[in-house]
Every structure is written in C-alpha cells, then in structure tokens.
Amino acid sequence: MATLGARLFLISGLLAATAAPHVSGIHSSTSTSPPSAISGQCPNQPAGRLEYDPLRKCPLPGVLGIIPDIEPSPETPWTLTPKCVGEEQKISNTTSRVHCIFTDGNFRTGHGTSLITTTTVAAHLVGLEAFNDRPARLEAAKRDAVPAYEIVELEGRGKGAVATRDIRRGEIIMVDVPALLVGTEFLHDVRAHHRRRLIKQAINRLPGKTRDEVWSLSRNNGEYEIDAIMGANANSVAISDNGIHVGIFPKVSRINHSCRPNAYYRFSETRLTMEVVSYHTIEKGEEITMSYVPLETKRQERRKYLQDNWGIDCQCSLCKASDYDQNESEASRGRINELRDSILNARNNGFFQDAINIAEDWHLVSEWERVPPLAPEYHDILAELYWRKGELVNATRFGRMALDEWVKFGSVDDDQLEHARVFLNQVWPVAEKRRKGE
Ligand SMILES: [Zn+2]
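Using full-length UniProt numbering, the final residue of the sequence shown is 438, and nothing's skipped along the way.
Written out as structure tokens, the structure is:
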C-alpha cells in the first residue's frame, strides 16, 4: 500500500494519553506575550521541500497567528488568522514545537480544510502548492461526475458505501479531501482539554456545509464528543516524510471495515487528496470495505484492536471463516510483508535478479490473498530492477506498461506518471543505442 494501510493506527491510545506537562496555553492573534520560543519573525526554519519562494522569507504562516494585528499574508492560502499553541517554558533541550490551526475556507472550490499542525509542515504543504485548485484531468473529472457508489443505511452496520455498478480491479472508486488534518505530535504535546478545544475550533472554522458534514459523522462510545468523532472516523496519513497526521475525510469515513477488504486508500500530499482503490472486481450491490487495521496484524490482536478502538465485533467473511482458512490467510499476509522486505534487501545489495524473482513471488502471494499491488506500481518496480541489472529490453517493456497503466489509473496526483515518463525517456535512448550496436 502506498499509504499507511491502517485507519487511525493507535489514535485512541493517543487521544487517551495525558499531555506533556510543559505545553500550555492557546495563543491567538490577540495575545500580547507570544511564547519565547516563537517570538520574532522566523523561529522555525522550514525543512524539506520548499519550492514556494515567498515562504523562504519571513514571516512563516504560523507566526502570523501570534503577532497582533497582522492579517494572513497574501502569499498563504489561509482565509482566517492562524491560531497557535506554543510552549510557555522550555524544560528540556528538546526542540520546541508550535502547533497552529490553519484554515483554508476556499480549498477545493469551497469544501474548505482545517489543519492543526506545525508551522514547518504547513510551510511544506504550501510549498508543494497542495492548496492550489488545479483542474482535474479529463479522466478524473469524468469519474468524479458519476460516482460508482452510494452511501446507504446497512442493517446493523450504520451507514456504508455500496457499489452502484461493477467496479474494475485497480479502479479509483472514491476521491476525497480532508475536512480536518491533525498532527499526531500535537495530540502528544497538548493537554487533553486544549486538544479538544482546538480541534473543535478547527472544525467550526470550516465552511458551513463541510462543518455540518463533520458534526453529522458517526461517533464511538467516547466520553467526549470530539474524541468520539475522531476515534470513529479518522484515517492516518503521512505528510512530509514521517509526519503522521490523522484526518477526517468525510466521504471515506463512511466506508466500513472488513478484515478481508475489497479496497484500500492512497494519499497524495501534493494534492491533499485520498483515493480509494479497488483490490479486485467489485460487483454492483456489493459493499465497499477497507481494513482499519494493518493487514498483517495477527488475528487475536486485530480483533481486540477493533473492539477496543471502534467497539467492532467483526463479522466479516475472514472472521467467520474456518480456523484453517484464517491461519492460511495470516501466514500469507506475513509472507507478503517478508517478501517485500526481501525485495528491498536484495536490491540494496545489488542482487537484482534475486530481487526480480522475489518480486514475482510477492505478486503471486498477494494475488492469492486478494490484496494485489497496483499494476503500475508493480511494473515500476520490475522496470527499475531490470534497468539496474542492465536488461534494457525488459526495463523498457515494463516501463512502458507502467506508464500506460498510470495514465489509465487517472490519479489526481501526477507524480508517479511523471516519474514513469522520465524513466522511459532515460531508458529508451540507451536501449536504442545498444540495439543498433553503437
Ligand atoms: Zn473481520
């Protein structure tokens, strides 16, 4: 899976955790005494990719929220002044972190989004132009105009997504953007009552329709409303390498869990978009499901996890299967993980033919377990391995397949398509030269 496969991994644990003692206070734009760690114009040097020129200069977006009487700069997408939580005093030598609510009410033609994250992550996303509304490519626009699913009431399962037509394998079923994204560092750093208050503010800053959608989502048995909504609906995604965030994607959160899912999600940080993709053919009338738990999680652990976090006593086809079938499935999923690691190991050590053989095994076992990799991703891997091995005919063949498949896949994110194009442009001339014996 391209993204973290688990919906909201460990979120309940995080929400239940007591906050670090050194963080307190919400500093809004009217604060007259910004915390020392964030006073001045540029307390955080943005790290990572930051191609957006104005942000190389001061001030960073989050800082605006704690300097009185400064409106959001025209260089940033925020439609409301960011509100920040900082440290009152530093009691250890750990790097200080400032978390702010960033709201872009215009995001995706008025859907809107609120982020609670560090100024560094916000700057990273602005740098990627993640908030810019670029028109969707033709295939994507056509797909989104007629959804392949409907949200219906399901007996004993609340609401769920059901296919309204046959869905092909590897098809993008649903595209969604976050109403809310919250950094897990924030969940760790900030005291429980501040945390809930800020998340509530972040939701209430959203445009009316999206805000109402979030408040109408299902809840788990949590004592506090915010925790109950987040606990039942959030998905985890990675931003800026390791920055794990939990997000409310209102449409995706309607998809129910199955330990033998027929779909999974991919997240694009450059487009701040989640795509739900089918593992295999889904028939009209079939419920669309995803696994809330990493697929390789052992049976007992998985069932406990579902029970503890969502109060789910899972009745999916895998949970109801015979012991023999469940053991088989568990073994296959463990094997898929091992094989994936082995491919990387072999490749990193220069054993390219071994890596190719293992990749073929990996593909077979994944097919058998009905959780196959996306075709263009698999072909990208083979193309690269053949290229490294010096087999240019196969490298070109798989590179071309991957390119065609990325086009057909029609993701909102062009990165991998572009990568495949660049790869072919690199391999093709070398292969031609060799063919002509030059
Ligand atoms: Zn199950």
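All C-beta atoms in this analysis are idealised placements derived from N, C-alpha and C, irrespective of residue type, glycine included.
- In the structure shown, the three-state DSSP call for ASN256 is strand.
- GLU369 places its beta carbon less than 7 Å from that of SER332.
- Residue range 113 to 118 is occupied by the beta strand (DSSP E) that includes LEU115.
- Remark: C-beta atoms of ASN220 and ALA232 approach each other more closely than 7 Å.
- GLY160 carries a strand assignment under DSSP once its states are collapsed to helix, strand and coil.
- With fewer than three CB-CB distances shorter than 8 Å, the region 254 to 274 does not count as touching the region 340 to 348.
- The continuous stretches of alpha helix (DSSP H) do not include PHE267, which lies in the beta strand (DSSP E) extending over residues 263 to 268.
- For SER278, the enclosing beta strand (DSSP E) begins and ends at 273 to 278.
- Distances from the CA of LYS436 to each of VAL393, ASN425, GLU405, ARG397 were compared; the closest alpha carbon is that of VAL393.
- In terms of side-chain proximity, the C-beta atom of LEU318 is found nearer than 6 Å to a non-hydrogen atom of ligand 1.
- Residue range 415 to 435 is occupied by the alpha helix (DSSP H) that includes VAL430.
- When rounded, the separation of the alpha-carbon atoms in GLY311 and GLU153 is 19 Å.
- ILE226 and ILE199 have their C-alpha atoms some 7 Å from each other.
- Per the Cβ contact rule, the region 128 to 144 is not in contact with the region 183 to 203 (fewer than 3 Cβ pairs under 8 Å).
- Ranked by Cα distance from ILE244, the first of PRO250, SER253, VAL252, ALA234 is ALA234.
- Just so you know, the alpha carbons of TRP406 and ARG191 end up roughly 44 Å apart.
- By a beta-carbon distance limit of 8 Å, VAL371 does not contact TYR292. Their separation comes to about 15 Å.
- Distance from the C-beta of CYS84 to the nearest heavy atom of ligand 1 is not below 6 Å.
- Collapsing the DSSP output to three states places SER342 in a helix.
- Scanning its chain for C-beta atoms nearer than 7 Å, with the 5 sequence neighbours on each side dropped, one finds around THR184 the residues LEU14, ILE244, HIS245, VAL246, in chain order.
- Under DSSP, the beta-bridge partners assigned to PHE102 are LEU115.
- If you ignore the 5 residues before and after ASP354, its C-beta comes within less than 7 Å of the C-beta of ALA346, all in its own chain and listed in chain order.
- Of the residues ARG400, LEU217, PRO376, the one whose Cα lies closest to the Cα of LYS159 is LEU217.
- From the listed residues ALA122, ASP361, VAL422, the smallest Cα separation to VAL98 is found for ALA122.
- Per DSSP, the continuous alpha helix (DSSP H) segment holding VAL214 begins and ends at 208 to 215.
- In the structure shown, GLY399 adopts helical secondary structure according to DSSP, grouped into three states.
- With respect to ALA359, HIS379 sits apart: the two C-beta atoms are not nearer than 7 Å.
- Note that the C-beta distance between ARG165 and ASN256 is not below 7 Å.
- Between ligand 1 and the CB of CYS100, the shortest heavy atom gap is not smaller than 6 Å.
- Considering only THR113, LYS298, GLY112, VAL252, the residue with the shortest C-alpha distance to CYS319 is LYS298.
- Listed as beta-bridge partners of MET230 by DSSP are no residues whatsoever.
- Pairing VAL214 with ARG254, the inter-Cα distance amounts to about 11 Å.
- Cα atoms of PHE107 and ASP133: separation of roughly 7 Å, rounded to the nearest angstrom.
- Relative to the Cα of ARG421, the nearest Cα in the group HIS193, GLU296, ASP404, TYR149 belongs to ASP404.
- A distance below 6 Å between beta-carbons, with the five flanking residues on each side excluded, links TYR386 to the following residues of its chain, in chain order: ASN394, ALA395.
- The C-beta distance from SER268 to VAL365 rounds to 27 Å, too long to meet the 8 Å contact threshold.
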